[in-house]
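Trainee:
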DNA sequence: GAGGCGTTGGAGAGCGCTCTCCCGGCATGC
DNA sequence: GCATGCCGGGAGAGCGCTCTCCAACGCCTC
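Chains as they are written, first to last, in our numbering: chain A, 1 to 343; chain B, 344 to 686.
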């Protein structure tokens, strides 16, 4: 393999100095248009590609950021964590939003998984070694030690969703309570009187907010008691929770389910127990993930502007990287109701 | 932010030369155990972390490989490609297998998407800049130009699945025809006589092999004609294909569906048309993805050893990187039948 | 026409690391 | 006793790039 050409080679080919070629490439300062053209041709002729390692060494920038998916690695089975992540369309939307912001800027997202203590340590080491300039963190788990570790290492980072413990780190989130209220209002507008809910794991702030927001909104409509079954945001847990709910409250005519994946699990259970959706039981999900459209019937749900939120995370992170003294901030997005056939 | 310590700092703290510290870190040559201990303490004291850019610059290695998911970016909607990828549990299994091999070796996988010509160019540029030492490529699309581009740039790469056009590149694959035969044998063993199939997109070699393998095996059992509807490996396409098949062959009692995701789409259609699964119609999928277990009833399917295959890709790539003169090879894995409730 | 100023290109010093030399010291062989 | 070999450590040359100086060269002004 022929050694790839260096700046020096291009400079020689163009009959100028290394510095001038560098200036042309990086668009810094004025360079005579004629010389610029000569240099560009030399670059094309030699097939020159800048060496990132050399550039990083001096700029102390990598042009890459880590997109970390963090959570509890279930110890059972053979690393089901990655499968879990890839089975959840939510991450696709996050990736879309992040890539949408970063790609035009030539910044590369690097996907990393931090499901074990070892993996977390690797993520921190990776960042400290200067493989990436910062991290976007999406946790699937409430008590995630990673945000704290990032703050302690004073690495630029932005979270998706408010951390369970208060630490000085920027995050974006959605107004969960507002979303839950939209669901409540909609169920009431559909004339549902015996409404229940399936919540997410209650140690997750988002799950708490959705539950309490829903209960408060229903209370405002004159329904002081809303039965609840707890799931853990997985399809299977939604199935199980729906079974429990039906066993205990066979007369229910409306369910608010804290995410679409659990709702997708719940729908076949309702059908299996002879309930038609939406005629007998109206179902409202949360997230507007692709699970919502994959369900039969397609789900009425609360739409997170996930792509926008992810893009905002990328923007925030980029700002933190450019100016480390940037104060930490939180940005809260407003959800919206998407009506489909399940209500 | 205090500048992070360099080798020089550690060397000074330990009272030795840079070279010695480097030798301790990289475990090269013998270093006096006493000095080794001193150096280690100095590293711990200073909180030293090697700078990867500097190291890469001289070793011409990054310790990272790109995990590229390549395919056609549907132009409709807002970048649905990432969502598509993240909705398919198959990629989770690939990631698991790859990470399982790489993590113990301290190599980082970098996930990249190559759904447009621009993104493909970025992937190539990324590798040529020396951001990663090689690429593992998983295509969702038949005519993918990326393998050729990689070969032309003489970048180390390994594919998942045989490329549609013959090019000198290593790949791993599964014996699709054997898998299809397993499905055929099983359906026949279950006493099914009016069997049909839903195929994948027929420009994909894997889809071709599954279809022809199935037809050949059924022919060997005395069923010369097997009706087929073509899908594109998505849930929706499975739904549509099942509708077509039922409309044309209402009497069918067994279906082999070329992947689990399409099967997941097909099951509700069968149910909707009053067919019980498996009593009236037996369904066999392919992949043993988590869609197989998420389906109701859970799917009998053909199990790819995807994790093993992915790990093997990583191993092959590592070998290619270590020795660029390594000849290209292909490794074919044997699938197996997993019986669940759909047959 | 001389001095000042803005513009443009070159020289060269590193960034932090690895790795090849080389050298000193000690055990060994004749 | 001296030459020989080996082992452990240091010196220093880069890897390919950026970026700060600095020099050269107009051009304007007085």
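By construction, the Cβ of each residue, glycine as well, lies at the ideal position given by its N, Cα and C atoms.
Model, not experiment: these values are computed from the prediction.
Tell me, please, which residues DSSP counts as bridged to residue 646/B.
Mentor: If you number the second chain from 1, residue 646/B lands on position 303. In the DSSP output, where bridge partners are listed per residue, residue 646/B has 630/B, 679/B.
Trainee: For residue 330/A, which three-state DSSP category applies?
Mentor: For the purposes of this step, residue 330/A is identified with residue 330 of the first chain, where counting begins at 1. It is a strand residue.
Trainee: Under the assumption that residue 542/B contacts residue 574/B (Cβ atoms under 8 Å), give the Cβ distance between them as a whole number of angstroms.
Mentor: In the second chain, the residue the question calls residue 542/B occupies position 199. In the second chain, the residue the question calls residue 574/B occupies position 231. Between residue 574/B and residue 542/B the Cβ distance is about 7 Å, and since that is below 8 Å, they are a contact.
Trainee: Please list the partners that residue 85/A has in chain B, where partner means a Cβ-to-Cβ separation under 7 Å.
Mentor: Locating residue 85/A in the first chain gives position 85, where the first residue counts as 1. In chain order: 435.
Trainee: Look at the alpha carbon of residue 314/A and the alpha carbon of residue 333/A, and state the distance between them as a whole number of angstroms.
Mentor: Within the first chain, numbered from 1, the residue matching residue 314/A stands at position 314. Within the first chain, numbered from 1, the residue matching residue 333/A stands at position 333. If you take the alpha carbons of residue 314/A and residue 333/A, they lie about 15 Å apart.
Trainee: Within the 8 Å Cβ cut-off, does residue 341/A reach chain B?
Mentor: Sequence index remark: in the first chain, residue 341/A carries index 341 (1-based). No, residue 341/A lies away from the interface with chain B (no Cβ there is under 8 Å from its Cβ).
Trainee: Listed from N- to C-terminal order along the chain, which residues in the region 100-115 of chain A have their beta-carbon within a distance smaller than 9 Å of any beta-carbon of chain B?
Mentor: 100, 103, 106, 108, 109, 110, 111, 112, 113
Trainee: Counting along the chain, where does the beta strand (DSSP E) carrying residue 624/B start and finish?
Mentor: Position 281 of the second chain, counted from the start, is the residue given in the question as residue 624/B. No beta strand (DSSP E) contains residue 624/B, which DSSP labels as neither H nor E.
Trainee: Looking at residue 23/A and residue 7/A, is the spacing between their C-beta atoms short of 8 Å?
Mentor: Along the first chain, read from residue 1 onward, the residue named residue 7/A stands at position 7. Along the first chain, read from residue 1 onward, the residue named residue 23/A stands at position 23. Cβ distance not < 8 Å, so residue 7/A and residue 23/A don't count as in contact.
Trainee: Any beta carbon from chain A within less than 8 Å of residue 431/B's own beta carbon?
Mentor: To locate residue 431/B, count along the second chain from 1; it is residue 88. It does; some Cβ of chain A falls within 8 Å.
Trainee: Are three or more beta carbon pairs between the region 280-293 of chain A and the region 248-266 of chain A nearer than 8 Å?
Mentor: yes
Trainee: First and last residue of the beta strand (DSSP E) that includes residue 154/A?
Mentor: Walking along the first chain from the start, residue 154/A turns up at place 154. Run containing residue 154/A: none; DSSP gives neither H nor E here.
Trainee: Quick one: list the residues of chain B neighbouring residue 57/A, beta-carbon separation under 8 Å, in chain order.
Mentor: Counting from 1 along the first chain, the entry for residue 57/A is found at position 57. The contacting residues are 394, 396, 397, 400.
Trainee: Could you check if residue 673/B is buried or exposed, using at least 16 other CB atoms within 10 Å of its CB as the buried criterion?
Mentor: In the second chain, counting from the first residue as 1, residue 673/B sits at position 330. Residue burial annotation: residue 673/B is exposed, with fewer than 16 other C-beta atoms found within 10 angstroms of its C-beta.
Trainee: On the criterion of 16 or more Cβ atoms from any shown chain inside 10 Å, does residue 133/A qualify as buried, or is it exposed?
Mentor: Reading the first chain from its first residue, position 133 is the one you call residue 133/A. So residue 133/A ends up on the buried side.
Trainee: Going by DSSP, name the residue or residues bridged to residue 586/B.
Mentor: Numbered from 1 along the second chain, position 243 holds the residue referred to as residue 586/B. None, per the DSSP bridge assignment.
Trainee: Could you work out which residues of chain B lie near residue 126/A, taking near to mean beta carbons separated by less than 7 Å?
Mentor: In the first chain, the residue the question calls residue 126/A occupies position 126. By Cβ distance, chain B contributes 451.
Trainee: Can you check whether the C-beta of residue 141/A is within less than 8 Å of a C-beta belonging to chain B?
Mentor: By one-based count along the first chain, residue 141/A stands at place 141. Using a CB distance cut-off of 8 Å, residue 141/A does not count as an interface residue toward chain B.
Trainee: Mind listing, in chain order, the continuous alpha helix (DSSP H) runs of no fewer than 4 residues lying wholly within the region 122-210 of chain A?
Mentor: 146-152, 176-189
Trainee: Is the region 394-414 of chain B close to the region 473-488 of chain B, with three or more CB pairs under 8 Å?
Mentor: yes
Trainee: Could you check where the alpha helix (DSSP H) with residue 612/B kicks off and where it finishes?
Mentor: Mapped onto the second chain, residue 612/B falls at position 269. Per DSSP, residue 612/B belongs to the alpha helix (DSSP H) from 603-615.
Trainee: Can you list, in chain order, the residues of its chain with a C-beta nearer than 8 Å to that of residue 418/B? Leave out the 5 residues immediately preceding and following it.
Mentor: Here residue 418/B refers to the residue found at position 75 of the second chain. Per-residue confidence for residue 418/B stands at a pLDDT of 48, beneath the threshold of 50, marking its modelled position as unreliable; no derived number is given.
Trainee: Are the Cβ atoms of residue 110/A and residue 153/A separated by less than 8 Å?
Mentor: Counted from its first residue, the first chain places residue 110/A at position 110. Counted from its first residue, the first chain places residue 153/A at position 153. With respect to the 8 Å criterion, residue 110/A and residue 153/A are not classified as neighbours on the basis of their beta carbons.
Trainee: Under a Cβ-count criterion, where at least 16 other Cβ atoms within 10 Å of its own Cβ denotes burial, should residue 611/B be classed as buried or exposed?
Mentor: If you number the second chain from 1, residue 611/B lands on position 268. With 16 or more Cβ atoms within 10 Å of its Cβ, residue 611/B is classed as buried.
Trainee: Just to confirm, is the Cβ distance from residue 576/B to residue 621/B under 8 Å?
Mentor: Counting from 1 along the second chain, the entry for residue 576/B is found at position 233. Counting from 1 along the second chain, the entry for residue 621/B is found at position 278. Their beta carbons are not under 8 Å apart, which means residue 576/B does not touch residue 621/B by this criterion.
Trainee: In whole angstroms, give me the CA-to-CA distance for residue 34/A and residue 106/A.
Mentor: Walking along the first chain from the start, residue 34/A turns up at place 34. Walking along the first chain from the start, residue 106/A turns up at place 106. The straight-line gap from Cα to Cα measures roughly 27 Å.
Trainee: Measuring CB atoms only, is the region 317-330 of chain A touching the region 157-170 of chain A, in the sense that at least three cross pairs come out at less than 8 Å?
Mentor: The region 317-330 of chain A, when compared against the region 157-170 of chain A, does touch it at the 8 Å Cβ threshold.
Trainee: Within the same chain, show all residues whose beta-carbon is closer than 6 Å to that of residue 711/B, passing over the 5 residues directly before and after it, in chain order.
Mentor: Because chain B in this structure spans residues 344 to 686, residue 711/B falls outside the shown range and cannot be described.
Trainee: From residue 583/B to residue 539/B, what distance separates their C-alpha atoms?
Mentor: Along the second chain, read from residue 1 onward, the residue named residue 583/B stands at position 240. Along the second chain, read from residue 1 onward, the residue named residue 539/B stands at position 196. Rounded to whole angstroms, residue 583/B to residue 539/B spans 15 Å at the Cα level.
Trainee: If contact means a Cβ-Cβ distance below 7 Å, which residues of the region 612-637 of chain B contact chain A?
Mentor: Within the region 612-637 of chain B, the qualifying residues are 633, 637.
Trainee: Could one say the Cβ of residue 131/A lies closer than 8 Å to chain B's Cβ atoms, at least one of them?
Mentor: Position 131 of the first chain, counted from the start, is the residue given in the question as residue 131/A. So, interface residue.
Trainee: Can you give me the start and stop residues for the beta strand (DSSP E) that residue 350/B sits inside?
Mentor: To locate residue 350/B, count along the second chain from 1; it is residue 7. Careful: residue 350/B lies outside any beta strand (DSSP E), inside the alpha helix (DSSP H) at 350-357.
Trainee: Looking at the unbroken alpha helix (DSSP H) that takes in residue 43/A, where does it start and where does it end?
Mentor: As a position in the first chain, residue 43/A is number 43, starting the count at 1. Segment 33-46, the alpha helix (DSSP H) holding residue 43/A.
Trainee: Roughly how many angstroms lie between the CA atoms of residue 332/B and residue 347/B, to the nearest whole one?
Mentor: It is not possible to answer for residue 332/B, since the shown part of chain B is limited to 344 through 686.
Trainee: When burial is assigned at 16 or more other CB atoms within 10 Å of the CB, is residue 462/B buried or exposed?
Mentor: The residue given as residue 462/B occupies position 119 in the second chain. By the Cβ neighbour-count rule, residue 462/B is buried, with 16 or more other Cβ atoms within 10 Å of its own.
Trainee: Note down, in chain order, every chain B residue with its Cβ under 9 Å from the Cβ of residue 304/A.
Mentor: Against the first chain, residue 304/A aligns to sequence position 304. Here the premise fails: no neighbours, minimum Cβ distance about 13 Å.
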